[in-house]
Amino acid sequence: MLHAPVASRMRKRPRPLEPSAQRKGEVKFQDVRLYLVERKMGCSRRSFLSQLARSKGFIVEDVLSDKVTHVVSEDNDAAGLWAWLEGCGLKDLPKMQVLDIGWFTDSMREGKPVAVETKHCIQVCMFHVIRQKYPYSHRAKGSTPTPVATVSQYACKRRTTTQNNNKIFTDAFEVLAESYEFNEIEGRCLAFRRAASVLKSLPWAVQRLEATQDLPCLGGHTKAVIQEILQYGRSFEVEKILSNERYQTLKLFTSVFGVGVKTAEKWYRRGLRSFRDILAEPSIHLTRMQQFGFLHYGDISRAVSEAEARALGNIIDEAVRAITPDAVLALTGGFRRGKEFGHDVDYLLTTPELGKEEALLLSVIDRLKHQSILLYCDYQASTLDMDQLPCRRFEAMDHFAKCFLILRLEAGQVEGDLQRVEGDSRSWRAVRVDLVSPPIDHYAFALLGWSGSRQFERDLRRFARLERKMLLDNHALYDLTKKEFLEAKTEKDIFAHLGLEYIEPWQRNA
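Under UniProt numbering, think of the first position of the sequence shown as 1, with each following residue one higher.
So this is what it looks like as structure tokens:
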């Protein structure tokens with residue numbers, strides 16, 4: 001509840017439009033015009049932040065008008081802020097970015113307007129987005145609920161839509177799942193990931209909690225989060241996690257190639273909070289993979305574009321064909337599922353002749369090394385046992401020969417340009433690439449497993465075990481009733497064995 005004097009001030013319409021003079025500093029960002037909301041921020045702090053922004057080349061408007069592109073607020077309640085904004089008579093309000101002070105702080109640190117992410121706008125704009133886009137999302141009880149078609153509990157029986165209509169909720173679920181993963185609470189982690197997967201598959205947006213009553217995989221905790229976001233435009237539990245020092249530190253540390261949750265937790269418990277702390281600590285002995293992870297962190301922590309993935313594909317394909325012209329090569333992972341960006345690039349390669357695939361992989365590695373583009377290589381020989389039953393543990397790594405690489409990609413090899421950060425004048429960047437080499441008779445299983453998504457594959461194996469009494473992994477499909485391995489030359493063969501309708505790779509983004 002706003003105090004009367006404050007509420008009165010917020011209800012006032014802004015003064016007539018006045019040009020805002022840029023008092024200090026050269027204007028660098030003509031397309032960005034900031035307005036800092038004085039309420040809660042205070043007059044003196046607003047003045048200081050305005051001067052800071054102007055000194056870095058930002059235009060800061062003293063008066064709220066339709067010229068403004070970014071409204072920055074600090075510690076304001078979402079509903080009250082939006083009620084005030086809607087009362088200001090702004091024609092272009094729907095086009096404005098209404099952001100938390102975190103975006104402003106990040107932009108000042110970078111010296112430029114940073115990309116707007118969910119974490120920047122969730123506190124002040126989600127409620128408005130829901131209400132503007134879905135004006136009937138807060139209907140009174142007794143209104144007709146949104147019709148819900150039968151939705152399977154298994155991701156392998158659902159097709160994902162091209163657009164996530166419930167990103168508000170799934171982003172929150174992903175943060176909660178990651179937090180439980182950091183705390184090694186696997187059950188709750190999986191519960192939130194399954195819930196997110198269900199919402200991603202819906203062709204409609206959740207506007208009222210009642211519409212979720214017949215959906216699978218949504219428990220009391222997930223529904224409480226949905227209700228909170230519908231009511232307040234934010235999840236207070238998620239905000240608490242995002243501001244938690246341990247969560248922030250573990251998320252930072254696990255972003256390094258070769259650093260898992262256990263290592264990150266060990267470093268955190270030793271009082272380390274930054275990369276500088278880790279690299280300055282003499283008792284920390286980094287693995288070779290971690291050393292290269294830090295060395296190329298700026299590149300390999302940045303997204304890989306589809307154009308870069310295609311360029312790398314051309315390099316791998318040329319190397320493979322030069323050695324074995326009739327080899328089988330396939331792009332897997334997110335790019336096979338139609339993603340425009342990814343964290344790395346995954347390829348399967350094998351030979352028509354059984355038993356020659358591992359030699360091909362070693363020869364490809366030698367060829368990349370000879371081309372001077374191999375920055376790092378971790379080769380793992382095959383440990384495949386043809387008679388071993390499929391593994392019941394989803395997290396277990398498969399036994400095919402594989403190598404985890406970091407390759408040098410030149411700008412001239414990419415259609416368009418490299419994904420760069422401002423100020424990077426290099427003609428190349430480092431990119432993470434995984435090459436996996438299954439025998440040809442296991443190729444279909446490997447292709448299905450490495451294509452993902454993780455939740456799709458997890459549910460596919462769960463469906464096989466619980467509904468068909470079969471065991472499935474990246475190596476094989478085993479019928480527990482007939483006590484025999486089932487052969488498959490294609491992914492469609494595997495779906496047919498399981499009695500499932502085939503789902504295209506781009507529909508597996510669960």
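Where is the CB? At the ideal position from N, CA and C, for every residue including glycine.
The Cβ neighbour count for asparagine 314, taken over all protein chains shown within 10 Å, is under 16; the residue is labelled exposed. Taking C-beta atoms under 8 Å as the contact rule, asparagine 244 and proline 203 fail to qualify, at a distance of about 35 Å.
Beta-bridge partners assigned by DSSP to tryptophan 428: Glu410. For tyrosine 247, the CB contacts under 7 Å within the same chain, skipping 5 residues up- and downstream, are Ser179, Phe182, Ile241 in chain order.
Secondary structure of tyrosine 443 (DSSP, three-state): helix. Counting every other CB atom within 10 Å of its CB across the protein chains shown gives glycine 452 a total of 16 or more, marking it as buried. Nearest in C-alpha terms to aspartate 100, of all of Val198, Glu239, Glu86, is Glu239.
Here DSSP, grouped into helix, strand and coil, assigns serine 305 to strand. A check of alpha carbon separations from leucine 447 across Lys489, Leu500, Gly233 identifies Lys489 as the nearest. As for any alpha helix (DSSP H) of minimum length 4 sitting wholly inside the stretch 156–217, the runs are 167–182, 186–200, ordered along the chain. Runs of alpha helix (DSSP H) with 4 or more residues, each lying fully within the stretch 326–383, are found at 333–336, 357–370, listed in chain order. Where glutamine 248 is concerned, the enclosing alpha helix (DSSP H) starts and stops at 245–253. Closest option to aspartate 398, judged by alpha-carbon separation, among Leu500, Asp493, Ser437, Leu52: Ser437. Burial state of methionine 470 is buried, judged by a 10 Å Cβ sphere holding 16 or more other Cβ atoms. Phenylalanine 236 counts as exposed, since fewer than 16 other beta carbons sit within 10 angstroms of its beta carbon. DSSP places histidine 70 inside the beta strand (DSSP E), whose first and last residues are 70–73.
In this structure, the beta-carbon distance from serine 427 to phenylalanine 400 does not fall below 7 Å. Straight-line measurement puts the Cα of threonine 105 at about 13 Å from the Cα of leucine 34. If the five residues before and after glycine 416 are omitted, its C-beta is found closer than 7 Å to the C-beta atoms of Ala307, all from its own chain and listed in chain order. Rounded to the nearest angstrom, the gap between the Cα atoms of lysine 157 and proline 505 is 13 Å.
Contact annotation: arginine 461 and leucine 472 have beta-carbon atoms nearer than 7 Å.
Closest option to leucine 218, judged by alpha-carbon separation, among Leu36, Cys189, Glu110, Ser107: Cys189. Annotation: the continuous alpha helix (DSSP H) that includes glutamine 231 extends over 220–232.
With a threshold of 16 other beta carbon atoms within 10 Å, serine 44 falls short and is exposed. Annotated three-state conformation of lysine 402 is strand, per DSSP. For the pair valine 261 and leucine 250, the Cα-to-Cα distance works out to about 7 Å. Short of 6 Å from the beta carbon of glycine 102, and not among the five residues preceding or following it, lie these beta carbons of its own chain, in chain order: His120. Spatial neighbours of leucine 312 in its own chain (CB-CB distance under 7 Å, excluding positions within 5 residues in sequence) are listed in chain order as Val345, Leu407, Leu409, Val431, Val433. With a contact defined as Cβ atoms closer than 8 Å, isoleucine 226 and leucine 209 qualify at about 6 Å. The straight-line gap separating the alpha-carbon atoms of cysteine 88 and arginine 39 is approximately 15 Å.
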